[in-house]
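In mature numbering (1 follows the signal peptide of the UniProt record, and there is no 0), the protein residues as written are -19 to -1, 1 to 418.
Virtual Cβ for every residue (Gly too), placed ideally from N, Cα, C.
The model shown is predicted, which means the values in this text are computed figures rather than measured ones.
In what follows, a structure is listed as structure tokens, so that the remarks can point back to it.
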């Protein structure tokens, strides 16, 4: 990955992010040598008193099944540790965890989104996990730097990497061919996306060239605006930089696509997922989880990295991490560390990536032969070249997305004055960022 920048948030609903894909690939250790500790190093002293810890997650579908199976295998090891795996809806987890943290009844381990790092750091609700590497023997240098720094706050390691992914461009090969385009050649620039979207769009068949959701989705506009040289805010000075000529040009480009009908109007991410799976959407920006539905619906599709803009090639990078509440007793922290280290072993880490389709955050696994040979995971691993994590350390990222940016884009796509909406949104961001000071 090129760098870690301050930009706009990359919020996703956890329930969406964890509807992951299943490639049905076998688990494998490959040829990679992970920085994770060996079984002997992580198994601990057999003479220790047995320890039971709770792990709260919001896994759904196949993810829940895979994670439980991995946890059951860990529990079968002779290490005196039992992990009680408790999955619930994302909204329920958020509400239940907030109450548990305030009353001192939190689980020993949970996972959280990178945009929640700032909130936990500011409120001092999670343990600093900086000593994990030394205590477990896991090689910190074998982890992609941004996957670690994105989960830090004020020098503290608030979370440890769990899921690591970016956005990608999916295209429907049959619709490309019907429009006279090469079905094996996706666009490489946003200008090419525009041209191909125009060629693919066929109102008589309810076929659209590209999907731009106005809510409930990855912030796809982040990639286009940043690729064209725009930005969102300056976190060092807590000021908006949204109102710029570069962003205005990009938003007018998005507005033109919407007004010409190349994208369905007023659709959520879930709506566009269904349109894509109904063979009516030519191109669509989304995360790795979309490939599952496309394959299940027998869509003839391809997926590639993000297109280039006028200045760069950039995609949203997002992450979920293991978090240990401050109320967790020391013996349970030690048990949680051993459990996390188990997830970082080459066998388990590669199995998780191959079954779910998420790219690895452990460097050595990128060269794992099974991952390199997997049609989709190998492509998803390209995020190292263009992914950007945003809003590191902020507590207002999700608010900015839901209350300001998506509404701004929706208004512009509806035909409202782009400059007026841009100025309004920039002022609103300044007001929100003032609360960070």
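Could you name the residues of the same chain whose beta carbon sits closer than 6 Å to that of residue i, not counting the 5 residues immediately before and after it, in chain order?
i	result
residue 239	394
residue 89	34, 35, 309, 313 and 317
residue 201	266
residue 368	-19, 147, 296 and 298
residue 156	181 and 263
Give me the Cα-Cα distance between residue i and residue j, rounded to the nearest whole angstrom.
i	j	result
residue 346	residue 321	17 Å
residue 210	residue 360	25 Å
residue 228	residue 323	44 Å
residue 419	residue 138	Given that the chain is displayed from residue -19 to residue 418, the structure contains no residue 419 and the question cannot be resolved.
residue 251	residue 30	48 Å
residue 44	residue 400	43 Å
residue 223	residue 391	16 Å
residue 136	residue 297	23 Å
residue 97	residue 158	43 Å
residue 178	residue 203	19 Å
residue 376	residue 132	13 Å
residue 142	residue 411	31 Å
residue 53	residue 206	44 Å
residue 87	residue 104	15 Å
residue 46	residue 68	10 Å
residue 398	residue 292	25 Å
residue 330	residue 276	23 Å
residue 407	residue 300	26 Å
residue 71	residue 38	8 Å
residue 416	residue 404	20 Å
residue 418	residue 85	28 Å
residue 373	residue 145	15 Å
residue 78	residue 167	43 Å
residue 121	residue 350	22 Å
residue 123	residue 348	12 Å
residue 307	residue 93	14 Å
residue 305	residue 110	8 Å
residue 356	residue 363	12 Å
Spell out the partners DSSP gives residue i in its beta bridges.
i	result
residue 149	267
residue 35	65
residue 142	302
residue 133	138
residue 318	None, per the DSSP bridge assignment.
residue 126	Per DSSP, none; premise fails for residue 126.
residue 420	Lying outside -19 to 418, the shown extent of the chain, residue 420 is not represented and no answer is given.
residue 74	According to DSSP, residue 74 bridges with nothing at all.
residue 97	None, per the DSSP bridge assignment.
residue 343	124
residue 91	37 and 304
Excluding sequence positions up to five away, which residues of its chain have a Cβ less than 7 Å from the Cβ of residue i?
i	result
residue 242	182 and 184
residue 258	274, 275, 278 and 280
residue 32	61, 62, 312, 313 and 316
With a threshold of 8 Å on Cβ separation, who are the neighbours of residue i within its own chain once the five nearest residues in sequence on each side are excluded?
i	result
residue 289	169, 170, 171 and 208
residue 55	62, 64, 320 and 323
residue 195	247, 248, 249, 387, 390, 391 and 394
Please confirm if the region 189 to 204 is in contact with the region 260 to 279, defined as three or more CB-CB distances below 8 Å between the two stretches.
-> yes
Pair every Cβ in the region 154 to 174 with every Cβ in the region 306 to 322, then say whether three or more of these pairs are closer than 8 Å.
-> no
Does the count of Cβ pairs from the region 270 to 285 and the region 141 to 154 closer than 8 Å reach three?
-> yes
Please go through the region 37 to 62 and give each complete alpha helix (DSSP H) segment of 4 or more residues, from N-terminal end onward.
-> 42 to 56
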